[in-house]
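Numbering (the numbering used here), first residue to last: 68 to 603.
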């Protein structure tokens, strides 16, 4: 009996040393033995190298310039017991922030979270946001587990995706839009919504709302006071609805319905006379095009040496097909324009041109439709087959939804010398029309079917590294279907007949962060709800 429990006599340090050689499945079993083993087997010294080996090292091995660093997983596994052993944050890619947090990072929780993403294991809950459905679109944005919604009836709202008292959902704050100074009461309807990507954390998060009369307003969330503070409203300009907006302080990028793209810069807040509001921003660059088509998406990203404002769009080529393009404005730290360049998917005849002028009108106008009926029919069929239903861009990935139940993935290469969009890679897997798609960090994307019954998580980096092999198997990337079986079973028990138009419909928005996926759905009773897939 004593030999059977001899391992229990070892010190915690020796136990950790022994358990460092066992697989993760054994660690989870050891935690069931006793309270002591639960604490020892859950130590971050064990889960940190396990996390690196499974989730970080494979990504490093797929990047040629960092491939030699993949050996860092083994090095870490051998050296993590030495408290002074340094581990380069560069080897952790997008997970470097977890290393910088030091002992505050719960590595076991992070491993379980990523493992749930890999297996498609998640909980599903709904937040009812509109009953009945709003006549105007309900706009949604997700930021660090807080969902921002806006519509002309309920105004701007912030929802916590964490369970509130009694398992319900918590409304953090709400603000009626007509109460704001400068708003045209009853006339301004929200058309787009974005969160400031430069501000981290939920407290003090800033959102910008665009309207159908060229107005845009900036608000700041105060969780402690459960309020939104109004900071600024841009004057209205009738007939120029804001179609898309991106916000990354101090820059704000927007496109109007008449295809005018304007880049604004807000002045530093210390220069503002009224500290409770923002000074009017200065329009620093403006572009216009007559040939780009919806959908299009905007992006702002800041780097150490400069900032890049991007617009990804679709347009028609001389052959009548739709092609995907992207334009970048490269800015200096002072906001001066360093370069403007445009590129189109490289499997088309239109390619990147150096020294591109400050305009989006690079492509010629759409071709004249042939006079014969057969030629016109073929042209319409070609255009319909190549049409884009949605666009999502997070550098370097550009994801386009297609009407044939597929997605088209492009890789954008942006260097000081060139801008290039790769040929498209088709992502197969959806068995019905794609309702929306979103590209996020770590080469991950999420797409949802139009009816909302199927969600897929895509490993874009894995797809690009072995795309040819995957193409033969029916996909250009790894797709994992997450069927909402529990939701369907619940409705069967209630006797709901899910036929035809009675099915839930995804309203086009899908977003995700480290822990959750949020999908806007319209229920069969006419109400709208946010489906929250929780991977924690």
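Even for Gly, the Cβ is constructed at its ideal location relative to N, Cα and C.
Which value, in whole angstroms, describes the spacing of the CA atoms of residue 129 and residue 458?
-> 26 angstroms
Just curious, the alpha helix (DSSP H) that residue 97 is in, first and last residue?
-> 91-97
Spatial distance of residue 588 from residue 217 (CA atoms) = 15 angstroms
Ordered along the chain, which non-local residues of its own chain (more than five positions away) have a Cβ less than 6 angstroms from that of residue 421?
-> Residue confidence for residue 421 is low, a pLDDT of 37 falling below 50, so the modelled location carries little weight; the figure read from the coordinates is stated next. Result list for residue 421: empty, nothing under 6 angstroms.
What residues are listed by DSSP as bridge partners for residue 226?
-> 214 and 238
Helix, strand or coil: which one does DSSP assign to residue 608?
-> Residue 608 lies beyond the residue range present for the chain, which begins at 68 and ends at 603; the question has no answer from this structure.
Presumed contact (8 angstroms Cβ cut-off) between residue 261 and residue 274, rounded CB distance = 7 angstroms
List the DSSP bridge partners of residue 329.
-> 321 and 353
Taking all protein chains shown into account, decide if residue 592 is buried (16 or more other Cβ within 10 angstroms of its Cβ) or exposed.
-> exposed
Is the stretch 75-92 close to the stretch 101-117, with three or more CB pairs under 8 angstroms?
-> yes
Skipping 5 residues on each side, what residues in its chain have a beta carbon closer than 6 angstroms to that of residue 243?
-> 222
Using beta-carbon positions only, say whether residue 394 and residue 378 come within less than 7 angstroms of one another.
-> yes
Short check: CB of residue 293 to CB of residue 376, under 7 angstroms?
-> no
DSSP puts residue 315 in a beta bridge; with which residues?
-> 318
Just tell me which of 80, 207 and 187 has its CA closest to the CA of residue 195.
-> 207
Unbroken stretches of the beta strand (DSSP E), 3 residues or longer, contained in the stretch 485-525 | 486-488, 492-494, 501-506 and 511-516
By Cβ distance below 6 angstroms, which residues in the same chain neighbour residue 579 in space, the five residues on each side in sequence not counted?
-> 507 and 513
Do residue 122 and residue 176 have their C-beta atoms closer together than 7 angstroms?
-> no
Three-way DSSP call (helix, strand, coil) for residue 181 in this model | helix
Spatial distance of residue 480 from residue 209 (CA atoms) | 27 angstroms
Report yes if the C-beta distance between residue 515 and residue 577 is below 7 angstroms; otherwise report no.
-> yes
Per DSSP, the bridge partner or partners of residue 259 = 277
Residues sharing a beta bridge with residue 378, DSSP = 365 and 394
Residue 333 and residue 317: beta carbons closer than 7 angstroms?
-> yes
Classification of residue 277 by the beta-carbon crowding that lies within 10 angstroms, buried from 16 upward | buried
Which of helix, strand or coil DSSP assigns to residue 578 | strand
Roughly how many angstroms lie between the CA atoms of residue 349 and residue 283, to the nearest whole one?
-> 14 angstroms
Residue 291 versus 272, 106 and 158, residue with shortest Cα-Cα distance = 272
Euclidean distance between Cα positions of residue 370 and residue 82 | 44 angstroms
Starting from the C-beta of residue 601, find all residues in its chain whose C-beta is less than 8 angstroms away, skip the five residues before and the five after it, and write them out in chain order.
-> 189, 190, 191, 192, 228, 582 and 583
Contact check, residue 174 vs residue 114, beta carbons under 7 angstroms = yes
Determine the DSSP secondary structure at residue 128, reduced to helix, strand or coil.
-> helix
Specify the secondary structure class of residue 112 as computed by DSSP and reduced to three states.
-> helix
Reduced DSSP secondary structure (H/G/I, E/B, other) of residue 449 = Legend: pLDDT at residue 449 = 49, less than 50; position of this residue unreliable, value from coordinates given subsequently. Looking at residue 449 - three-state DSSP - the assignment turns out to be helix.
Reducing DSSP to helix, strand and coil, say where residue 192 ends up.
-> strand
Determine the DSSP secondary structure at residue 158, reduced to helix, strand or coil.
-> helix
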